[in-house]
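Below you'll find the structure, written out as structure tokens, and then a few comments.
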């Protein structure tokens with residue numbers, strides 16, 4: 001049940017991409033969460049189709065990434 005949805009558009013010659021995702025949770029699952037991110041970068045079909053060989057971080061002038069990333073800070077409060 002993890003994945004992403006995205007939308008993109010051009011405005012005044014500038015490309016914008018927006019991604020909303022839900023990554024794997026759990027402090028012990030950092031590698032799986034990082035893999036979720038890499039899979040989304042490579043597989044999400046957005047933007048100029050001629051640039052599909054590039055991950056989505058290289059397809060836009062501005063890329064906004066939102067969602068439940070599930071990264072946590074584990075610190076003692078003093």
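Numbering (my numbering), first residue to last: 1 to 78. The beta carbon of each residue, even a glycine, is placed where N, CA and C say it ideally should be. Just so it is clear, the structure is predicted and the values come from calculations on it, not from any experiment.
Taking a C-beta distance under 8 angstroms as the contact criterion, residue 17 and residue 3 do not qualify as a contact pair. Comparing alpha-carbon positions, the option among 58, 29, 9 and 33 lying closest to residue 42 turns out to be 58. Apart from the 5 residues on each side of it in sequence, residue 36 sits with its Cβ closer than 6 angstroms to the Cβ of 2, 23 and 24 in its chain, given in chain order. In summary, residue 60 is buried, with 16 or more beta-carbon neighbours lying within 10 Å of its beta-carbon over all protein chains present. Taking 8 angstroms as the upper bound for CB-CB distance, residue 56 and residue 69 are not in contact here, some 16 angstroms apart. DSSP places residue 34 inside the alpha helix (DSSP H), whose first and last residues are 30-43.
Contact annotation: residue 27 and residue 72 have beta-carbon atoms nearer than 8 angstroms. Across the set 15, 33 and 14, the C-alpha of 33 shows the shortest separation from the C-alpha of residue 21.
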